[in-house]
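Student: One structure is given below, represented as structure tokens, and several questions about it will come after.
Numbering (UniProt numbering), first residue to last: 1 to 296.
Structure (structure tokens):
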């Protein structure tokens, strides 16, 4: 308990540090109260093809430097981060601990807020995340790639972006990669657990929002065939997280039927088991610049 408390305090401190610099906070991507995101810019960004740092945007004494205007043509890679919490806890306001090591490498980070249960349904969450990705593409059309990273329930939402119908959204995002960290891809087992109490998820809801099942109906890949999908699980993740990650990546051994998976569907996918980390440490360690997932 003491270790957990210390870790939470450390993550809160890292989040506060990130929110104090180079950021646009609570940017609305929709009309809903929870439809806001935070954008954290790198120290140096390419704007209209010209590299510029914060030195050209000095703030008055007592105020912080202002980042590029949200409508500027910022040509940076963007990492979109989706927090976990079984779709019923967590917040963008406590999930910026991933920011500083990533922005230090010249990547802008977007932490997306979405309506968790019981206020939000799974359908609403998927729709909100989809609209947030479209928003980033429209605001920054000259981005050098959008990389979607999600942890646990956030990895589920990120996986749903693999299968989104972007033509219906009026914009095709420049998706270059997905980082699916300790995710949940088949929601049916959750329907009959206590985790479903705030979600009120029916079997139909679960099937409609299960990336594992939706792969069977996926007729297209991302616009860029080089878009990579990295499925990641921790050595000490629970057996169910490990099973779902492995089966989403490739065909499970000796099944009664052969479901579609990333490998069988021809996706540019790979699988990584990170050593010496559990379900929480695997994402918490993104505060470390030399952590293997930060480097990836």
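For every residue, glycine included, the Cβ atom is placed at its ideal position computed from N, Cα and C.
Keep in mind that this is a model prediction, so the values were computed, not measured.
1. Express the C-alpha separation of residue 24 and residue 57 in angstroms, rounding to a whole number.
2. Which residue comes first and which comes last in the alpha helix (DSSP H) that contains residue 241?
3. Which residues bound the beta strand (DSSP E) around residue 151?
4. Tell me the DSSP secondary structure of residue 231 in three-state form.
5. First and last residue of the alpha helix (DSSP H) that includes residue 101?
6. Going by DSSP, what residues sit across from residue 175 in a beta bridge?
7. Quick one: what does DSSP say residue 93 is sitting in, helix, strand or coil?
8. Quick one: is residue 104 buried, meaning 16 or more other Cβ sit within 10 Å of its Cβ, or exposed?
9. Return yes when the Cβ of residue 267 is within less than 9 Å of the Cβ of residue 11, no when it is not.
10. With H, G and I counted as helix, E and B as strand and the rest as coil, what does DSSP make of residue 162?
11. Counting only the same chain and skipping the five closest in sequence on each side, list residues whose C-beta sits under 8 Å from that of residue 60.
12. Kindly list the residues whose CB is nearer than 6 Å to the CB of residue 156, restricted to its own chain and excluding five residues on each side of it in sequence; keep chain order.
13. Tell me, please, which residues DSSP counts as bridged to residue 77.
14. With distances taken from CA atoms, which of 167, 265 and 178 is nearest residue 78?
15. Would you be able to state if there are at least three C-beta pairs under 8 Å between the region 124-143 and the region 194-203?
16. Between residue 256 and residue 246, what straight-line distance do the alpha-carbon atoms span, to the nearest angstrom?
17. Please identify the residue among 114, 109 and 202 whose C-alpha is closest to the C-alpha of residue 89.
18. Nearest-angstrom Cα distance between residue 273 and residue 280?
19. Using the Cα positions of residue 236 and residue 17, report the straight-line distance between them to the nearest angstrom.
20. Given this structure, state the Cα-to-Cα distance separating residue 91 from residue 143, to the nearest angstrom.
21. In angstroms with no decimal places, state the Cα-to-Cα distance between residue 98 and residue 131.
22. Anyone know if the C-beta pair for residue 137 and residue 172 falls short of 9 Å?
23. Below 6 Å CB to CB, which residues in the same chain sit around residue 83 once its five sequence neighbours on both sides are set aside?
24. Looking at the structure shown, is residue 277 part of a helix, part of a strand, or coil, going by DSSP?
25. With distances taken between CB atoms, is the gap from residue 181 to residue 37 smaller than 9 Å?
26. Could you check if residue 128 is buried or exposed, using at least 16 other CB atoms within 10 Å of its CB as the buried criterion?
27. Assuming residue 212 contacts residue 242 under a Cβ cut-off of 8 Å, what Cβ separation, rounded to an integer in Å, is found between them?
28. Excluding the five sequence neighbours on either side, which residues of its own chain have a C-beta within less than 6 Å of the C-beta of residue 226, listed in chain order?
29. Give me the residue from 102, 118 and 250 with the minimum Cα distance to residue 290.
30. Can you tell me the Cα-Cα spacing of residue 141 and residue 41, whole angstroms?
31. Taking the alpha-carbon positions, what's the residue 330 to residue 224 distance?
Tutor: Walking through what the data contain:
1. Bear in mind that the predicted position of residue 57 carries a pLDDT of just 38, short of 50, making it unreliable; the figure below should be weighed with that in mind. Whole-angstrom Cα-Cα distance: 14 Å.
2. 239-249
3. 146-151
4. strand
5. 99-103
6. 146
7. helix
8. exposed
9. no
10. helix
11. Unreliable positioning characterises residue 60 in this predicted model, as indicated by a pLDDT of 43, which lies under 50. The coordinate reading is nonetheless provided below. Here the set comprises nothing.
12. 183 and 184
13. DSSP lists no partner for residue 77.
14. 178
15. no
16. With a pLDDT of 41 at residue 256, under the threshold of 50, the predicted position of this residue should be treated as unreliable, though the coordinate-derived value follows. Using only the alpha carbons, I get a separation of about 17 Å.
17. 114
18. 14 Å
19. 29 Å
20. 25 Å
21. 22 Å
22. yes
23. 90, 95 and 154
24. coil
25. no
26. buried
27. Not confirmed; about 14 Å, so no contact.
28. none
29. 102
30. 16 Å
31. Absent from the structure is residue 330, since the part of the chain shown begins at 1 and ends at 296.
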